[in-house]
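Peer 1: In the working numbering, the protein residues as written are 269 to 461.
#1: Are the C-beta atoms of residue 413 and some chain D residue less than 8 Å apart?
#2: First and last residue of the alpha helix (DSSP H) that includes residue 414?
#3: Taking only the alpha-carbon atoms, compute the straight-line gap between residue 404 and residue 394 and give it to the nearest angstrom.
#4: Quick one: Cα of residue 379 to Cα of residue 351, how far?
#5: Note down, in chain order, each residue of its chain lying with its Cβ closer than 7 Å to the Cβ of residue 305, except the 5 sequence neighbours on either side.
#6: From the DSSP output, in three-state form, read off residue 261 for me.
#7: If I measure Cβ to Cβ from residue 385 and keep anything under 6 Å in the same chain, skipping five residues before and after, which residues do I get?
#8: Rounded to whole angstroms, what is the Cα-Cα separation between residue 415 and residue 432?
#9: With DSSP as the reference, label residue 316 as helix, strand or coil.
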């Protein structure tokens, strides 16, 4: 098999698996001398040598994403619908993978740039590129604690000293808020709440 055919097969396989080859993820870091005394390490800066196939793979993925955006634009136009670009963002989920894609590519919808977000809120749930629920859980935990404090400071609850009333308020007001979309994060952090 020729090198070109092998590269094409690897790229196609990586796209189908939505995962680059592991050899493409490694880089070699070399010190590059800037100026001054060559004996001092502060006069060097690190340069990362990244495999060319990694860059090609990033470009292919970016092109495919842009094609999908263009297809969506055509579909919306055919249905006489408009996209509110003020509320439209792209978020790329990765676990430390293709970060350059976010930094270097400019995704467009009908020649207008689409913002690449560092986080996104969807139905009250905070999504992060690294797929971590930690920030969302911390926010829900703080809200829950504040709500419990508010219930305990409530004069009606104080006067009644009824555990049953507290439990009813907790079950109707607090529990639904902290368990919202729990299916996504529950296994990871059930003990957090």
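Idealized CB from N, CA, C, for every residue including glycine.
Peer 2: Judging by the given coordinates:
#1: The chain inventory of the structure shown lacks chain D, comprising one protein chain alone.
#2: 402 to 421
#3: 6 Å
#4: 13 Å
#5: 311
#6: A query on residue 261 cannot be resolved here, the shown segment of the chain reaching from 269 to 461 and no further.
#7: 357 and 359
#8: 17 Å
#9: strand
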